[in-house]
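K.L.:
Here it is, the structure in full.
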């Protein structure tokens, strides 16, 4: 177990290093930050000097070493646009994105799993077919379009939900949360639906497929033969066995949720990392982009590791396999 | 899987096997389940209609929306023909540049499906090759490929596309967008899709490689590559096909999302997604047709593809049969 | 069992609808009496008034900080922290008499020392607003409330842009280690980025850049007795996405947004609680040509002249004024204004807003839209239609650079232009990019890497001289020397250069305007240096409870906002 964790840690380091190299290579081409940092009348000499002092004219290997050395210490420098430490900016925005992502994911699980179980068990029922069809509609339109439609209906036409922002935010010192206020909950509804819809469909379909398979397996038949109640069979045996792929997908999709939060946060002006990142791309704020990418990489690595550990907990066969493999 | 093992007494028979696999795939089981499900047949027909529409767009579209000499602002923002001020020339109305919506949907479909198809095929080929190599050869190569896959997974498709776009544009600043956008998207989507294939194929390969028939083939001296292609590959085609269907839908959606972020196709030659993005700006102002028709067209396509994917998943799953 | 499962699944599925209807019952939360909530497409990135010379940042800070002079609702220059001033020695000496009894928001007294300090700070290496003060100008403290500015050469428009030369407190800056402007290249966060201490009508009470900024009325403002606003609090939120911004206004979540997309104006006006405040803006949108390179850049392609074609002048068609004139006449700007801009723009003959050049602007007319004339001019210049070239009988092909997130409907304008030029046989490859890549490519940093482009310009000084020197001043390949920074196409005419130098030092306004007219006659009528398209309209969306002034330079004065 410990050896397994250590191995994953070392592998994660490689992954992070590769992410760093990739990110650095890409920044060389994203545009010239200087034009976004000065006014229109600023002379070419001043722009050149700025470029020089930002280190944009240094030899590339030197720039890279500087970048790596600082990234290793989580020092991404000062944002070109905000003139503030990037880590501080990210730390301020991190809670917003996490709350949105977690609420969206929970929404997807809480709705997706029961719907999946139901449609798996009653394959031919009209309710199942209705669930399947509506869930498909949700993934048939681009996220931004769903978001704008929701705003149009619930903010403009019905005027029941706020169209932007996080509502009243409470600062807990280490974390700022919108989940302690009514306006905060109202504000998160539409962004969370927009972000979670795709995952919900995915999870529902996954659970359905797994249920379909498992219900045909021998141990279920045995369970039935032993006269266990349907509920015990469905939830005690069948659902438990669908959990492994659900955990995997949830883990893998979490990164994708964070990334798609870029779109959702832009549509709803949700003050999270995704919005910060999109603005950074538009204004070539390289320090923010670098930090964001490294953070995404790190989060992915951590989530992946947690997923692996959860496997150990959920599925005894993997424990055996892991032992055998090492 | 059992009959696969059984059907391999001699290498000579094995050479002929791929065809038999295909004929088996198109065989009675699948055909039966296909025609049994009316929804699937309907989805297939709808998909076919879309494909034909895209393929023959230049011949069936009432106008050529990409020909700038045909465009005039005088025709901009016309409503569909059945509404007041609508013109029969533009059955579904026009957008802000005077482009015929129906024609743009057909032409845009061409781009969207083109991107999706090429990306799916490239990523499948890449993913299958790497998956086979990783699974069959194993060892260092395996862990290397899988670590690369991990790095890759850390970056979701829209991030990759944002960066591929920025990089390529930085490298070729004077490239017109309509030519570069296509390949930018193809590269970005390929890069983000191959991992799924590689992981799936690798998993199956590891399972298959320890089976008796593969070991038998090895004993009689078949080259590793032949074994992989002829014996392992056919067994993983099912899941690959399912992933491919889902990815085709995903590719088209991703392309639409990217146009919202300012990447993606240029407004002079909008894809289906770009057209929705253009139209979404006119949602509040009452010119709903610019976004609703392409939106419905896109939803219909994705819906049909996904339904086919669903059916395929169930049909190709031996345990469900 | 079946029924129960069905029940669970259905219940979860409708849970969201439940939450929504719950929200419907309770309505939106109440707001404090006079809180003015603003939504703008951009961020307020810094509170330091010398970090970036950019309209929105300076406009926002203009409610917190003040300059020696100010501009009123119609852009007229009015006294600010200086009560009055005298121009002496033929505009070589300016004497400013400062307002007495003014206090900074932190309690410091405002004196001549603060002016001297601010002049020094704004001229520092780290400031982006150094253009505010001419080279060699000397600031002399005469007494605590009098400051002299001595200039090496006469300058009649010294204070043209001093309404955004904000005065900072010397003691505050020294106490907080903020005596240098926080530079764009700062490696340390600066105090003045997140904190402000001006003399203005509002104090910054909370500031989270890119998220939310809160201003509170300054009860100790020197002009509070005559204040024309009744705001207690101002909350500013950036709202990037157009649709969301409009939705926030329509649903009453904000009281002011900028900009309202032109297509949404009718909707905003039709709404019972909102309206659009539209007015001409001083920004001129125009097309420019590469008139410097001998060869056009890829992807441009010029087919060899067919037999019988007129002799060409050189290898860059844009060096030939007939080609520039042909492009001009091929574009129907009125149609663009009418359809793309939906009437929210004014076609322009000049490269400056006519309101900023009232004496002679009416003498200039746009060239008529005339495709036949355009085709004739192109034929004469040696670029006849070539059979089968680029998918049609086109004359030549050239790339066009265009931003898609900078100006009102910028990409749509470019598309319209491309379609119009296609009709006279010019094949154009659009290179439409977000502004980060766009500016990186076409400006000096990218080596002015363009042949044909769309750009917008607002003269920072509200004066024609700025247009002449920055857009028409002869530049070298790198654009060094502070002249012609934005002269992307490299236009150059010695006569214009001489006139520009004379304009700079001419103190007599009538004569000066005459010289400007002479210069524009050359650039506009003779040389067709650019194709001016239009001045786009400002479009603010406001709640009907709000009465406010709208300035043509898109500066919003919170101290002129009344809420009912």
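Residue numbers (our numbering), protein chains in the order written: chain A, 4 to 329; chain B, 405 to 725; chain C, -18 to 545.
For each residue, glycine too, the CB sits at the ideal point set by N, CA and C.
This one's a predicted model, so the numbers in the text were calculated from it and none came from an experiment.
1) Using only the alpha-carbon positions, how far apart do residue 214 of chain C and residue 87 of chain C sit?
2) Whole angstroms is fine: what's the gap from residue 355 of chain C's alpha carbon to residue 203 of chain A's?
3) Please identify the residue among C:193, C:489, C:155 and C:410 whose C-alpha is closest to the C-alpha of residue 178 of chain C.
4) Count the C-beta pairs between the segment 347 to 367 of chain C and the segment 413 to 429 of chain C that are closer than 8 Å, then say yes if the count reaches three, no if not.
5) Just the Cα atoms here: how many angstroms apart are residue 707 of chain B and residue 497 of chain B?
6) State yes or no: is the C-beta of residue 352 of chain C within less than 9 Å of the C-beta of residue 400 of chain C?
7) Considering only DSSP beta bridges, list what residue 264 of chain C is partnered with.
8) If you compare alpha carbons, which of C:101, C:130 and C:32 is closest to residue 73 of chain C?
9) Check the DSSP bridge columns for residue 239 of chain C and list the partner residues they point to.
10) Starting from the Cα of residue 275 of chain A, find the closest Cα among A:122, A:94, A:5 and A:188 and give me that residue.
11) State the Cα-Cα distance for the pair residue 469 of chain B and residue 372 of chain C, rounded to the nearest angstrom.
12) Below 7 Å on C-beta distance, what does residue 459 of chain C contact in chain A?
13) Residues in the same chain with beta-carbon distance under 6 Å from residue 27 of chain C, minus the five sequence neighbours each way, listed in chain order, please.
14) Look up residue 132 of chain A in the DSSP assignment and say whether it is helix, strand or coil.
15) Residue range of the alpha helix (DSSP H) that residue 497 of chain C falls in?
16) Express the C-alpha separation of residue 134 of chain A and residue 229 of chain A in angstroms, rounding to a whole number.
17) Please report whether the beta-carbon of residue 554 of chain B lies at a distance below 9 Å from any beta-carbon of chain A.
18) From the beta carbon of residue 252 of chain A, is the nearest beta carbon of chain B less than 9 Å away?
19) Tell me, to the nearest whole angstrom, how far the beta carbon of residue 549 of chain B is from that of residue 601 of chain B; I am working on the premise that it is less than 8 Å.
20) Just mark residue 273 of chain A as buried or exposed, buried being the case when its beta carbon has 16 or more other beta carbons within 10 Å.
21) Can you name the residues of chain C whose CB is closer than 7 Å to the CB of residue 615 of chain B?
22) Could you tell me which uninterrupted alpha helix (DSSP H) segments, each at least 4 residues in length, are contained entirely in the segment 585 to 668 of chain B, listed from first to last along the chain?
23) Given a limit of 9 Å on CB to CB distance, which residues of the segment 130 to 152 of chain A reach chain B?
24) Which of the three DSSP states, helix, strand or coil, is assigned to residue 68 of chain C?
25) When you compare the CB of residue 233 of chain C with every CB in chain B, is at least one pair closer than 9 Å?
26) Give me the subset of the segment 669 to 687 of chain B whose CB atoms are less than 8 Å from a CB atom of chain C, sorted by chain position.
27) For the beta strand (DSSP E) that residue 207 of chain A lies in, which residues bound it at each end?
28) Could you tell me the alpha carbon to alpha carbon distance between residue 461 of chain C and residue 424 of chain C, rounded to whole angstroms?
29) Once you ignore the five residues that flank residue 334 of chain C on each side, which residues in its own chain have a CB closer than 6 Å to its CB?
30) Using a cut-off of 8 Å between C-beta atoms, extract the partners of residue 224 of chain C located in chain B.
31) Mind checking if residue 602 of chain B is an interface residue toward chain A, Cβ cutoff 9 Å exclusive?
32) At a Cβ cut of 7 Å, what residues of the segment 205 to 238 of chain A count as close to chain C, listed as they run along the chain?
33) Determine the contact status of residue 49 of chain C and residue 148 of chain C, defining contact as a CB-CB distance below 9 Å.
34) Return the CA-CA distance between residue 190 of chain C and residue 105 of chain A, expressed in angstroms with no decimal places.
35) What residues in its chain sit with their C-beta under 7 Å from that of residue 518 of chain C, if we drop five residues either side in the sequence?
36) Just the chain A side, please: which residues come within less than 8 Å of residue 466 of chain C by C-beta, in chain order?
P.N.:
If we stick to the structure as given:
1) Looking at the backbone, the Cα of residue 214 of chain C and that of residue 87 of chain C are separated by about 18 Å.
2) Distance between the alpha carbons of residue 355 of chain C and residue 203 of chain A: 58 Å.
3) Measuring from the Cα of residue 178 of chain C, the nearest candidate turns out to be C:155.
4) Touching, no.
5) Near 24 Å, if we compare the C-alpha coordinates of residue 497 of chain B and residue 707 of chain B.
6) When the beta-carbon positions are compared, residue 352 of chain C and residue 400 of chain C stay at least 9 Å from each other.
7) DSSP lists no partner for residue 264 of chain C.
8) Closest by alpha carbon: C:130.
9) Its beta-bridge partners are C:21.
10) For the residues A:122, A:94, A:5 and A:188, the minimum Cα distance to residue 275 of chain A belongs to A:94.
11) If you take the alpha carbons of residue 469 of chain B and residue 372 of chain C, they lie about 15 Å apart.
12) Within 7 Å Cβ-Cβ: 47.
13) Apart from sequence neighbours up to five positions away, the residues of its chain that approach residue 27 of chain C with a beta-carbon distance below 6 Å are 174, ordered along the chain.
14) Here residue 132 of chain A sits in helix by DSSP.
15) Per DSSP, residue 497 of chain C belongs to the alpha helix (DSSP H) from 490 to 501.
16) Rounded to whole angstroms, residue 229 of chain A to residue 134 of chain A spans 32 Å at the Cα level.
17) It does: the Cβ of residue 554 of chain B has a partner Cβ on chain A nearer than 9 Å.
18) No, its Cβ sits nowhere closer than 9 Å to a Cβ of chain B.
19) Their Cβ separation, rounded to whole angstroms, is 12 Å, which puts residue 549 of chain B and residue 601 of chain B out of contact at 8 Å.
20) With 16 or more Cβ atoms within 10 Å of its Cβ, residue 273 of chain A is classed as buried.
21) Those within 7 Å of residue 615 of chain B in chain C number zero; the least Cβ separation is about 40 Å.
22) Those alpha helix (DSSP H) runs which fall completely within the segment 585 to 668 of chain B and span 4+ residues are 616 to 623, 628 to 631 and 637 to 664.
23) So the list reads 132, 135, 136, 139, 140, 142, 143, 144, 145, 146, 147, 148, 151 and 152, given in the order they occur along the chain.
24) Strand.
25) Not a single CB atom of chain B sits nearer than 9 Å to the CB of residue 233 of chain C.
26) The residues in question are 670, 671, 672, 684, 685, 686 and 687.
27) Boundaries for residue 207 of chain A: no beta strand (DSSP E) harbours it, while the alpha helix (DSSP H) harbouring it runs 185 to 217, taken from the DSSP string.
28) For residue 461 of chain C and residue 424 of chain C, the distance between alpha carbons rounds to 12 Å.
29) The beta carbon of residue 334 of chain C lies closer than 6 Å to those of 263 and 516 in the same chain, with the five residues before and after it left out.
30) The answer, in chain order, is 684, 685, 687 and 688.
31) No, residue 602 of chain B does not count as interfacial toward chain A.
32) Closer than 7 Å at the C-beta level to chain C, one finds these residues of the segment 205 to 238 of chain A: 233 and 234.
33) The Cβ atoms of residue 49 of chain C and residue 148 of chain C sit closer than 9 Å to each other.
34) When rounded, the separation of the alpha-carbon atoms in residue 190 of chain C and residue 105 of chain A is 25 Å.
35) Counting only Cβ-Cβ distances below 7 Å, and skipping sequence neighbours, we find 259, 260, 261, 262, 325 and 326.
36) Result: 43, 44, 45, 46 and 47.
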